[in-house]
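Chains as they are written, first to last, in the working numbering: chain A, -6 to 254; chain B, -6 to 254.
Protein chains: 2
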Amino acid sequence: MSNNTPENVLESTLQGTLQNIRIVMVHTSHTGNMGAAARAMKVMGLTDLALVNPKSTPDDQAVAMSSNATDILHSATIVDNLKDAISDCQLVVGTSARQDRTLAWDIQDSRSCGELIAKHASTNKAKVAILFGRESSGLTNEELALCQHLVHIPTNPDYSSLNIASAVQILAYECRLAALALATTSATKENSKEEDEWVTADDLDGYFEHLKKVMIDINFIDPKNPRYLIPRLRRLYARSGISRSEMNILRGMLTAIQKQK
Amino acid sequence: MSNNTPENVLESTLQGTLQNIRIVMVHTSHTGNMGAAARAMKVMGLTDLALVNPKSTPDDQAVAMSSNATDILHSATIVDNLKDAISDCQLVVGTSARQDRTLAWDIQDSRSCGELIAKHASTNKAKVAILFGRESSGLTNEELALCQHLVHIPTNPDYSSLNIASAVQILAYECRLAALALATTSATKENSKEEDEWVTADDLDGYFEHLKKVMIDINFIDPKNPRYLIPRLRRLYARSGISRSEMNILRGMLTAIQKQK
Chain A
-6 MSNNTPENVL ESTLQGTLQN IRIVMVHTSH TGNMGAAARA MKVMGLTDLA
44 LVNPKSTPDD QAVAMSSNAT DILHSATIVD NLKDAISDCQ LVVGTSARQD
94 RTLAWDIQDS RSCGELIAKH ASTNKAKVAI LFGRESSGLT NEELALCQHL
144 VHIPTNPDYS SLNIASAVQI LAYECRLAAL ALATTSATKE NSKEEDEWVT
194 ADDLDGYFEH LKKVMIDINF IDPKNPRYLI PRLRRLYARS GISRSEMNIL
244 RGMLTAIQKQ K
Chain B
-6 MSNNTPENVL ESTLQGTLQN IRIVMVHTSH TGNMGAAARA MKVMGLTDLA
44 LVNPKSTPDD QAVAMSSNAT DILHSATIVD NLKDAISDCQ LVVGTSARQD
94 RTLAWDIQDS RSCGELIAKH ASTNKAKVAI LFGRESSGLT NEELALCQHL
144 VHIPTNPDYS SLNIASAVQI LAYECRLAAL ALATTSATKE NSKEEDEWVT
194 ADDLDGYFEH LKKVMIDINF IDPKNPRYLI PRLRRLYARS GISRSEMNIL
244 RGMLTAIQKQ K
């Protein structure tokens, strides 16, 4: 059997991306949840787990719940404070159960965030951390302040009790699917040199901030009821990716609109 | 508070779709998995659970794992054979861990299957069943024969041990997101008969005509020297593809800009 089948090349590209994604569990109470999270990671190809100040270190209950993903548990980094867990990460994303409308602009849904993370981890070969807070109360404001992005998994507003390992499962799944889409695209693209470079997550954020401002200025959106317009456009541009020269056109146009006022 | 806020209308449309989706667990061994599946369902807004010939009926372990989704457990239908669980369903989808290309069925990935299920459950108001097999061995060939579609969740080929409640979680999540996209589209669309399909080449031409006019109006481009701006944006949107609802946002914004003049 050859090692260079298209499937193997794809899988190896995928692994390269997914190993740059670290799951960080902050002050987790139940060791069973650590084990279930390890299993959820491994089944999607993620390997890097960090435990920040866990109530106790992984035990038999963790191993039982990990269902043979014990390698992930055993190689997990255990640190006392969050900063040590993310010091080598270029992108830090915090999970949030809040749907607070006043924060709505900064919160991405799990799908577009998975696309952003995969792009970052594959293109820039940069470490990305996804933070999961306490089972009961999530991440504190201080911890959230260390994140460039917040991600929210859409849930039933009447019952949003998503288990922490299930949240890990969904985000790991989104990362795998997005990384798979990227790996497939780059494998099928003949000519990748002619394109100029992709913009960074910060550039994209800057664009959407600017877009939001203009949309409000021209009364296209009501800031009190933004109707998911920005998240939908984020998804569109996450699908395509945006090159620097394209971003210049899009931003130039926003500036030209503002000059009309 | 009014009951007719856009959010409430959206949520009620969503509930209408999701209540048509039944999770069917066939011959499940561990009652804890039933509880965890109930929680996974409820957090995504699904309510209809059927247990086919379970090794034992939901017990304390199921209740503990359900984390207050006990209503789903208590209202679960328990039947002796699979046919009784799906007799009122127009669409039956079986989950499969196999990636065997020789299988006669058309295997869909979880994302496109979620879209298919949501469309079915919303448009046709038809009951849809998603079948989950035994923890150890999945669905038998006889059970698979009752399905119109098979769905596969992409996993790590070296470790595909996805917990059954996690599989329920991912598919329930995909159904919710697909149903949300459908509900959002129909809520923002004047003409709800159109589906959220990709726009046609004619629609794209119409958009770029409109865009060009606005760009000239706001002095962003000089009609005598348009600098390839439109062709570059055409390339961007060709990469992503544009859905009808996205096109509505983009065109709506152009119209809002024109109203400012």
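Cβ atoms here follow ideal geometry from the backbone N, Cα and C, with glycine treated the same way.
On a predicted model such as this, the values are computed, not experimentally measured, just so you know.
Inset, instruction - With DSSP as the reference, label threonine 70 of chain B as helix, strand or coil. - result: Residue numbering aside, residue 70 of chain B sits at position 77 when the second sequence is read from its first letter. Reduced to three states, the DSSP call for threonine 70 of chain B is strand.
Inset, instruction - Express the C-alpha separation of histidine 20 of chain A and glycine 126 of chain A in angstroms, rounding to a whole number. - result: What you label residue 126 of chain A is simply residue 133 of the first sequence in a count that begins at 1. What you label residue 20 of chain A is simply residue 27 of the first sequence in a count that begins at 1. Straight-line Cα distance between these residues: approximately 7 Å.
Legend entry - Identity of the residue in B:Thr116, B:Val17, B:Ser22 nearest alanine 78 of chain B by Cα: Within the second sequence, numbered from 1, the residue matching residue 78 of chain B stands at position 85. Among B:Thr116, B:Val17, B:Ser22, the Cα nearest to that of alanine 78 of chain B is on B:Val17.
Inset, instruction - Count the other C-beta atoms from every protein chain shown that fall within 10 angstroms of the C-beta of serine 236 of chain B, then say buried if there are 16 or more, exposed otherwise. - result: The residue labelled residue 236 of chain B in the question sits at position 243 within the second sequence. Serine 236 of chain B comes out buried.
Legend entry - Chain-order list of residues whose beta-carbon lies under 8 Å from that of asparagine -3 of chain B (same chain, five-residue window excluded): On the second sequence, residue -3 of chain B is found 4 positions in, with the first residue counted as 1. Contacts found: none.
Inset, instruction - Give a yes or no on whether the C-beta atoms belonging to isoleucine 258 of chain B and leucine 170 of chain B are separated by under 8 Å. - result: Summary: the structure shown does not reach residue 258 of chain B, with chain B confined to residues -6 through 254, and so no result is reported for it.
Legend entry - Residue-chain proximity (serine 68 of chain B, chain A), Cβ-Cβ < 8 Å: In the second sequence, residue 68 of chain B corresponds to position 75, counting from 1. False, the Cβ-Cβ gap to chain A never drops below 8 Å.
Legend entry - Between the CA atoms of lysine 35 of chain B and glutamate 190 of chain B - distance to the nearest angstrom: One-based indexing of the second sequence puts residue 190 of chain B at position 197. One-based indexing of the second sequence puts residue 35 of chain B at position 42. Approximately 29 Å between the Cα atoms of the pair.
Legend entry - Three-way DSSP call (helix, strand, coil) for histidine 20 of chain A in this model: Position 27 of the first sequence, counted from the first residue, corresponds to residue 20 of chain A. In the structure shown, histidine 20 of chain A sits in coil (DSSP, three-state: anything other than H, G, I, E or B).
Legend entry - Residue environment, glutamate 136 of chain B, which counts as buried when at least 16 other CB atoms sit within 10 Å: Here the question's residue 136 of chain B lines up with position 143 in the second sequence. Buried: at least 16 other Cβ atoms inside 10 Å.
Inset, instruction - Take aspartate 102 of chain A and list the residues in its own chain whose beta-carbon comes closer than 7 Å to its own, dropping the five residues that flank it on each side. - result: Residue numbering aside, residue 102 of chain A sits at position 109 when the first sequence is read from its first letter. Excluding sequence neighbours, aspartate 102 of chain A sits near His145, Pro147, Pro224.
Legend entry - Classification of serine 115 of chain A by the beta-carbon crowding that lies within 10 angstroms, buried from 16 upward: Taking the first residue of the first sequence as 1, we reach residue 115 of chain A at position 122. Serine 115 of chain A comes out buried.
Legend entry - Where methionine 27 of chain B meets chain A, residues with beta-carbon distance less than 8 Å: Stepping through the second sequence from its first residue, residue 27 of chain B is reached at position 34. Correct list: empty, because the minimum Cβ distance to chain A is about 14 Å.
Inset, instruction - Answer yes or no: does any C-beta atom of chain B fall closer than 8 Å to that of threonine 148 of chain A? - result: Numbered from 1 along the first sequence, position 155 holds the residue referred to as residue 148 of chain A. Threonine 148 of chain A counts as touching chain B.
Inset, instruction - Measure from the alpha carbon of valine 121 of chain B to the alpha carbon of each residue in B:Lys48, B:Ala249, B:Ser179, B:Gln83, then state which is nearest. - result: Looking up residue 121 of chain B in the second sequence gives position 128. Here the closest residue by C-alpha is B:Gln83.
Legend entry - Within-8 Å CB hit, alanine 174 of chain A to chain B: Stepping through the first sequence from its first residue, residue 174 of chain A is reached at position 181. Chain B, which has no Cβ nearer than 8 Å to the Cβ of alanine 174 of chain A, makes this no.
Legend entry - Contact with chain A by methionine 18 of chain B, beta-carbon distance below 8 Å: Translated into the one-based positions of the second sequence, residue 18 of chain B becomes position 25. It does not; no Cβ of chain A falls within 8 Å.
Legend entry - Neighbourhood of methionine 240 of chain B by C-beta, 7 Å cutoff - its chain only, sequence neighbours within 5 removed: Along the second sequence, one-based indexing puts residue 240 of chain B at 247. If we look at methionine 240 of chain B and ignore the five residues flanking it on each side, its Cβ neighbours are Val192, Asp196, Tyr200.
Legend entry - Closer than 8 Å to chain A by CB, phenylalanine 213 of chain B: Counted from its first residue, the second sequence places residue 213 of chain B at position 220. Taking Cβ atoms only, chain A reaches closer than 8 Å to phenylalanine 213 of chain B, which makes this a yes.
Legend entry - Under 8 Å between C-beta atoms of leucine 66 of chain A and alanine 55 of chain A: By one-based count along the first sequence, residue 66 of chain A stands at place 73. By one-based count along the first sequence, residue 55 of chain A stands at place 62. Going by C-beta atoms, leucine 66 of chain A is nearer than 8 Å to alanine 55 of chain A.
Inset, instruction - Check the Cβ of threonine 177 of chain B against every Cβ in chain A and list those closer than 7 Å, keeping chain order. - result: Position 184 of the second sequence, counted from the start, is the residue given in the question as residue 177 of chain B. Within chain A, the residues near threonine 177 of chain B are Tyr221.
Legend entry - Backbone secondary structure at isoleucine 223 of chain A - three-state DSSP: To locate residue 223 of chain A, count along the first sequence from 1; it is residue 230. Correct three-state label for isoleucine 223 of chain A: helix.
Legend entry - Where glutamate 239 of chain A meets chain C, residues with beta-carbon distance less than 9 Å: Protein chains in the displayed structure are A and B, and chain C is not among them.
Legend entry - Contacts of glutamate 4 of chain B in chain A (Cβ-Cβ under 8 Å): Here residue 4 of chain B refers to the residue found at position 11 of the second sequence. Going along chain A in sequence order, the residues near glutamate 4 of chain B (Cβ under 8 Å) are Pro150.
Legend entry - Short Cβ contact (8 Å threshold) for isoleucine 214 of chain A with asparagine 26 of chain A: In the first sequence, the residue the question calls residue 214 of chain A occupies position 221. In the first sequence, the residue the question calls residue 26 of chain A occupies position 33. No; because the gap between Cβ atoms is not below 8 Å, this pair is not in contact.
Inset, instruction - Would you decide whether asparagine 13 of chain A is buried or exposed? Buried here means 16 or more other CB atoms lie within 10 Å of its CB. - result: The sequence position of residue 13 of chain A within the first sequence is 20, counting from 1. Buried, because 16 or more other Cβ atoms sit within 10 Å of the Cβ of asparagine 13 of chain A.
Inset, instruction - Please state if the CB of leucine 155 of chain B and the CB of isoleucine 100 of chain B are separated by a distance shorter than 8 Å. - result: Against the second sequence, residue 100 of chain B aligns to sequence position 107. Against the second sequence, residue 155 of chain B aligns to sequence position 162. No, Cβ-Cβ distance for isoleucine 100 of chain B and leucine 155 of chain B is not below 8 Å.
Inset, instruction - Mind checking which residues open and close the beta strand (DSSP E) that includes glycine 87 of chain A? - result: Working through the first sequence from its first residue, we reach residue 87 of chain A at position 94. Its beta strand (DSSP E) spans residues 84 to 88.
Inset, instruction - Using a Cβ cut-off of 8 Å (strictly closer), state whether alanine 114 of chain A contacts chain B. - result: Translated into the one-based positions of the first sequence, residue 114 of chain A becomes position 121. Taking Cβ atoms only, chain B never reaches closer than 8 Å to alanine 114 of chain A, which makes this a no.
Legend entry - Straight-line gap, glutamine 251 of chain A to alanine 249 of chain B (C-alpha atoms, nearest Å): Residue 251 of chain A sits at position 258 when you count from the first residue of the first sequence. Residue 249 of chain B sits at position 256 when you count from the first residue of the second sequence. Rounded to the nearest angstrom, the two C-alpha atoms are 13 Å apart.
Inset, instruction - Compare the beta carbon distance of arginine 149 of chain B and methionine 37 of chain A with 8 Å and say whether it is the shorter of the two. - result: The residue you call residue 149 of chain B lines up with position 156 of the second sequence. The residue you call residue 37 of chain A lines up with position 44 of the first sequence. One detail in the question is off: residue 149 of chain B reads as asparagine in this sequence, not arginine. Contact: yes.
Legend entry - Cut-off 6 Å between Cβ atoms - residues of its own chain near threonine 70 of chain A, not counting five sequence neighbours on either side: Within the first sequence, numbered from 1, the residue matching residue 70 of chain A stands at position 77. Contacts found: Ala43.
Inset, instruction - Below 7 Å CB to CB, which residues in the same chain sit around arginine 227 of chain B once its five sequence neighbours on both sides are set aside? - result: Looking up residue 227 of chain B in the second sequence gives position 234. Within the same chain, arginine 227 of chain B has close Cβ partners Phe201.
Inset, instruction - Could you tell me which chain B residues have their CB closer than 9 Å to the CB of serine 153 of chain A, listed as they occur along the chain? - result: Numbered from 1 along the first sequence, position 160 holds the residue referred to as residue 153 of chain A. Those are Val36, listed as they occur along chain B.
Legend entry - Residues near leucine 247 of chain A in its chain [Cβ-Cβ closer than 7 Å; skip 5 each side]: The count along the first sequence starts at 1 and reaches residue 247 of chain A at position 254. Around leucine 247 of chain A: His203, Leu204, Val207.
Inset, instruction - Mind checking which residues open and close the alpha helix (DSSP H) that includes alanine 55 of chain A? - result: Taking the first residue of the first sequence as 1, we reach residue 55 of chain A at position 62. That run of the alpha helix (DSSP H) goes 53 to 59.
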